[in-house]
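In what follows, a single structure is set out as structure tokens and then discussed.
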Amino acid sequence: MTSQSSLMVVAALDRKTVTGLRALLAIMNHAPGRVNAANTLVPFGEFENLHFARFVILDDHTLDDVQLLYGLPRQEYPLYLAFLCDFDGPSEDFLASLVKLAGAGLRRVFAFCEGFTNATDLLEWVREHDIPIATRYVNWRGRTVKQVREEARLRQAIGAYLRSSMGGLENRTAEQTRVRAREFVRAEIAAGRLTLTPSEGMSWAGKIGGAWHFVSVGLLLALLLPPVLLLVLLRIRPMEKTDAVFAPRPGPELAAELALIEDHEVTNQFSAMGSVKPGLARLWVLSYILWLIDWAARHLFGKGRLARVRTIHFARWVFLDDRKRILFASNYDGSLDSYMDDFINKVGFGLNVVFTAGIGYPRTRWLLAQGANDEQKFKYYLRRHQMPTQVWYNAHSGLTAVDLQRNNRIRRGMEEATLSEDAAREWVQLL
Amino acid sequence: MPVDTKDVQGLLRFGYGSMKEAGYLVLRIRDVAAARAWCAVAPVATAEYQERPPEVALQVAFTWTGLGALGLEPGLLAEFPAEFQSGMAGEEGRSRRLGDIGASAPDKWEWGQPGREPHALVMLFARSGRLADWRQRVENDPFLTAFETIAFLFSGDLDGHEPFGFKDGISQPEIDWRRERATGCDELTYTNVQALGEFVLGYPNEYGKYTDRPLLDPAARGARGLLPAEDNPGKRDLGRNGTYLVLRQLEQDVRGFWQFLDKVSESNEAERLRLAEAMVGRTTEGHPLMPPNTNAIRGIDDASGGPSNRFTYDGDPKGIRCPLGSHIRRSNPRNADLPGGPGSLLSRGLRMLGLCDDSYRGDLIASTRFHRILRRGREYGPRLPVADAVREDPGDTQKRGLQFVCLNANISRQFEFVQNAWLMSTKFDGLSEESDPLMGNRTAAGDGRDSANFSLPMEGKPPRVIAGLPQFVTMRGGAYFFLPSLRALRYFGEGPV
Ligand code: HEM
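Chains as they are written, first to last, in the numbering used here: chain A, 29 to 459; chain B, 122 to 618.
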């Protein structure tokens with residue numbers, strides 16, 4: 029199995045030259061929100077294993093909140109450029125291809141970052157600035173870009189074939205139909221019109237590693253649970269009752285800037301950041317929860333859903349600045365409003381338990397309850413913390429996470445030598 | 122009744138069904154003083170129940186630009202929701218989400234184009250034959266000095282049927298006027314009763330919260346005539362007893378619709394009808410394709426459509442009886458907060474974590490109770506029977522369509538969500554490459570594949586896909602309006618400035 033890895037390069041920018049950087053990043057787009065996959069700087073389309081990528085300037089407009097709500101001095105953080113990628117296979121291979129296909133372009137972009145000079149070794153620098161991810165979610169572990177493309181083509185081909193020969197299928201059983209489709213696919217593969225790269229199973233080492241992670245981290249999390257609960261009971265719950273809520277409506281300029289780059293296709297990007305509420309208790313509980321979700325995302329939810337939500341392709345939570353700030357980035361299906369509604373209605377508790385650590389988040393009860401249920405405040409809160417993503421690339425434009433899962437089911441059903449009539453009936457309905 | 126119905130415009134409570142004629146005046150304010158003078162005296166029909174139903178009625182609503190033109194101060198204007206401020210045609214992103222692209226793009230509209238937003242809407246309703254007279258009585262001074270009419274949208278009466286020939290206006294949410302239902306709790310079975318705050322501002326909505334709306338200092342001029350805000354008693358509530366009104370003029374290509382189906386069905390009349398009914402999700406006479414639920418559904422009794430509304434899609438997860446993509450299934454999927462009903466606590470917990478559903482497309486749709494709208498649309502244009510519609514030679518150039526009107530307290534979460542995430546979405550409920558069979562704009566989705574399809578799932582077979590659907594419905598104009606309470610209207614008349 030080829031597992032998915034990610035990269036997140038974060039580097040401080042020189043504020044004086046940010047306008048120049050924005051202009052350079054804009055070269056990668058046809059228009060705001062619409063990337064040119066063949067652009068000369070980072071030709072995303074040439075990477076065969078890249079799912080999603082983005083450049084985003086981490087311009088946090090909420091830095092005054094800590095002063096406003098907690099009377100603490102405003103912190104001056106650097107302005108960062110972040111470069112995020114989600115890809116198949118090991119990081120080292122990807123980094124090598126990055127340098128090869130986009131080395132010159134990346135050098136031009138990173139030249140805006142502090143400390144990057146003509147003499148800098150790009151690979152070395154990228155490695156140094158790749159920061160760890162606290163929680164990562166991958167919609168379907170092991171599904172590669174190549175597989176996504178092959179399976180999308182497969183679905184189209186089978187669909188077209190069956191529809192064009194529909195008349196002849198009237199009196200067939202579903203299994204006979206499936207077998208016909210299977211023969212058709214074989215012939216197409218033989219003729220070179222379709223490819224289906226066999227998916228490798230998980231290696232023994234991978235399986236053992238996974239099981240070890242499941243058990244060891246699971247145990248640690250279980251051991252840590254009582255002290256964390258105690259901390260919640262004694263420290264967090266009292267603070268929760270008085271923590272100030274600050275969720276004004278985002279300004280019209282920000283809203284317009286965000287709207288400009290959204291909804292050009294069925295999938296969208298989301299980048300947001302904010303400061304963590306002051307106090308070590310908060311930080312410890314938050315770190316624990318992110319670790320728990322990371323573990324659950326890896327072992328319980330790697331097959332098409334994060335709890336009840338099936339519209340996220342890749343997502344991550346990342347700490348910045350000594351864990352004083354946190355960034356959330358995701359790739360999701362639908363418009364942001366419908367994404368937020370889906371979230372509130374289906375996994376409000378899951379949002380609350382993390383975001384409640386953010387300064388100003390709508391009031392929660394016992395971390396899980398309320399919060400996002402204050403629907404309008406929650407939406408304002410997310411929107412206000414959101415930052416426009418300057419460049420965003422999606423290798424499976426037009427396909428939702430559900431599409432990908434269905435296409436894979438079609439493929440798996442097609443590959444079976446025989447299916448029971450019931451299973452075959454289910455299968456033909458997928459088309 | 123805890124709501125002062127004399128303060129609420131009648132349209133929120135009544136459809137004025139007995140007034141068969143209606144005409145909507147789309148206006149721009151010409152003279153502010155006269156407009157305000159008119160607001161102070163406008164003969165607006167209220168939601169108060171009357172023994173003898175009136176013969177005529179008038180309702181009035183304003184766009185955000187219109188409220189600005191009336192002289193509302195900027196601070197107050199800024200408290201209106203963003204989508205209302207920007208307007209239906211004000212932002213390209215919104216047009217993309219609403220599907221107003223291609224032939225339906227705002228710059229091609231007949232009214233309400235970007236930069237030419239109307240200021241006000243005056244809706245006139247009258248019993249048959251009385252509209253012309255009613256209009257004349259209304260268009261008097263100060264009305265004539267106050268407003269310039271940029272469009273007059275007349276709607277006729279096709280006996281409760283929309284121009285394609287289907288019975289309309291059957292399913293409506295039941296508003297909890299008495300505020301008897303607890304709000305803000307999970308609903309584990311589908312309910313048709315909706316919190317008052319979903320349709321009337323100033324009351325708790327389905328989340329148990331008060332939807333944001335402009336609040337005033339009681340000391341502000343004219344503010345004393347307004348009711349206090351329930352959730353903020355120190356303030357006066359400009360929104361209370363008002364709501365938002367969405368108006369879309371949707372032109373329907375009735376010939377195109379039936380001729381396409383005629384072609385697909387090879388002129389087999391029964392099949393032609395069956396396909397049309399599958400697209401709508403109801404028969405032409407309004408019977409649902411789903412059998413009635415054995416259990417009662419809260420908020421559905423004989424008054425609210427009775428048997429023709431007592432159904433959900435729980436028994437038809439694959440859309441064999443009623444296609445997943447049919448218009449009424451898209452516009453109200455009739456689900457609850459958690460699939461699978463109440464069940465034990467453990468099973469509920471597992472379902473909340475999504476741990477016991479192995480299907481790839483179960484549980485895709487968000488809870489419907491947050492996304493309902495109250496429809497008050499009316500059809501326009503002369504009747505065109507199917508038999509005539511399928512005939513080659515048109516001979517008439519009459520326009521037909523729907524003056525689509527809906528009311529809701531939160532345009533973005535209700536109307537826009539239904540329109541964007543459900544009707545126009547090419548990915549609704551796990552479908553692909555198709556949007557609403559009636560309303561879709563057939564424009565290619567992001568991947569370049571077209572969306573001009575409609576699929577009929579079939580038991581044990583690949584779905585039957587009808588391809589090459591033309592665009593049947595085109596946007597001709599539209600806007601978002603605020604439908605004020607009577608107190609707010611009088612405040613516009615005398616209060617601000
Ligand atoms: C020309 C365009 C349209 C036509 C011809 C049309 C036609 C119909 C018909 C025949 C029904 C069934 C009658 C009923 O259940 O009351 C219906 C129901 C409905 N329509 Fe439309 N409609 C159109 C536009 C829209 C739009 C723009 C929306 C909302 C954005 C919408 C939302 C609904 C809803 C919510 C229902 C009720 C579904 C239910 O509760 O079961 N329709 N429509």
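Quick reminder that beta carbons are idealized off the backbone N, C-alpha and C, glycines included.
Per DSSP, the continuous alpha helix (DSSP H) segment holding Asp322 of chain A begins and ends at 308 to 327. With a 10 Å radius around the Cβ and a threshold of 16 neighbouring Cβ atoms, Lys374 of chain A comes out buried. Judged by beta-carbon spacing, Arg419 of chain B lies beyond the 8 Å limit of Tyr434 of chain B, meaning their Cβ atoms are not closer than that value. Per the Cβ contact rule, the region 84 to 99 of chain A is not in contact with the region 156 to 171 of chain A (fewer than 3 Cβ pairs under 8 Å). Residue contact check for Lys330 of chain B against chain A: a CB pair falls below 8 Å. By the rule that beta-carbons nearer than 8 Å mark a contact, Thr68 of chain A does not touch chain B. Shown in chain order are the members of the region 348 to 372 of chain A whose Cβ falls below 7 Å from a Cβ of chain B: Asp361, Gly362, Ser363, Asp365, Ser366, Asp369, Asp370.
Check the Cα spacing between Thr201 of chain A and each of A:Val337, A:Asp322, A:Arg453: the tightest is with A:Arg453. The criterion of a C-beta distance shorter than 8 Å is satisfied by Leu190 of chain A and Thr205 of chain A.
Contact between Arg482 of chain B and Val430 of chain A is confirmed by a C-beta separation of about 6 Å, below the 8 Å threshold.
Between the beta-carbon of Gln373 of chain B and that of Gly522 of chain B there is about 4 Å, and that keeps the pair under the 8 Å contact cut.
A residue is called buried once 16 or more other Cβ atoms fall within 10 Å of its Cβ, and Met267 of chain A, having fewer, is exposed. Looking at the DSSP output, Arg344 of chain A shares a beta bridge with A:Arg164, A:Ala357. Annotation: the continuous alpha helix (DSSP H) that includes Gln175 of chain A extends over 173 to 192.
Identification of residues in the region 399 to 416 of chain A having a C-beta nearer than 7 Å to some C-beta of chain B yields Asn401, Asp402, Glu403, Gln404, given in sequence order. Counted as a single uninterrupted DSSP element, the beta strand (DSSP E) harbouring His58 of chain A occupies residues 57 to 59.
Residue range 108 to 116 is occupied by the beta strand (DSSP E) that includes Cys113 of chain A. Against Asp431 of chain A, the close residues of chain B are Ser553, in the order they occur along the chain (beta-carbon pairs closer than 7 Å). Taken in chain order, the whole alpha helix (DSSP H) runs of length 4 or more contained in the region 428 to 465 of chain B are 448 to 452.
Any Cβ of chain B closer than 8 Å to the Cβ of Val63 of chain A would place that residue at the interface, and such an atom is absent. With contacts defined by Cβ atoms closer than 8 Å, Leu337 of chain B and Leu359 of chain B form a contacting pair. Listed in chain order, the positions of the region 384 to 403 of chain B with a beta carbon within less than 9 Å of a beta carbon of chain A would be empty, since no residue qualifies.
A:Trp345 is the residue among A:Ala287, A:Ala300, A:Trp345 whose C-alpha sits nearest the C-alpha of Ser315 of chain A.
Within chain A, the residues Ala287, Leu288, Glu290, Asp291 have their CB atoms less than 8 Å from the CB of Gly214 of chain B, given in chain order. Cα atoms of Tyr331 of chain B and Leu151 of chain A: separation of roughly 53 Å, rounded to the nearest angstrom. Val147 of chain B is positioned such that its CB atom lies closer than 8 Å to that of Trp232 of chain B. A heavy atom of ligand 1 is found nearer than 7 Å to the CB of Met560 of chain B. CA-CA distance, Glu580 of chain B to Leu288 of chain A, rounds to 43 Å. Taking 8 Å as the upper bound for CB-CB distance, Pro584 of chain B and Leu459 of chain A are in contact here, some 7 Å apart. In the structure shown, Gly73 of chain A falls within a helical segment according to DSSP collapsed to helix, strand and coil. DSSP places Leu151 of chain A inside the alpha helix (DSSP H), whose first and last residues are 150 to 157.
Close to chain B, meaning a Cβ-Cβ distance shorter than 7 Å, are the following residues of the region 179 to 209 of chain A: Leu190, Arg191, Ala202. Nearest neighbour of Arg164 of chain A by Cα position, chosen from A:Leu432, A:His413, A:Leu334, A:Val456, turns out to be A:Leu334. When secondary structure is reduced to three states using DSSP, His282 of chain B falls in the strand class. Checking the 7 Å criterion, the Cβ of Ile449 of chain B is within range of a heavy atom belonging to ligand 1. Under the DSSP assignment, Gln180 of chain B falls in the beta strand (DSSP E) whose first and last residues are 177 to 183.
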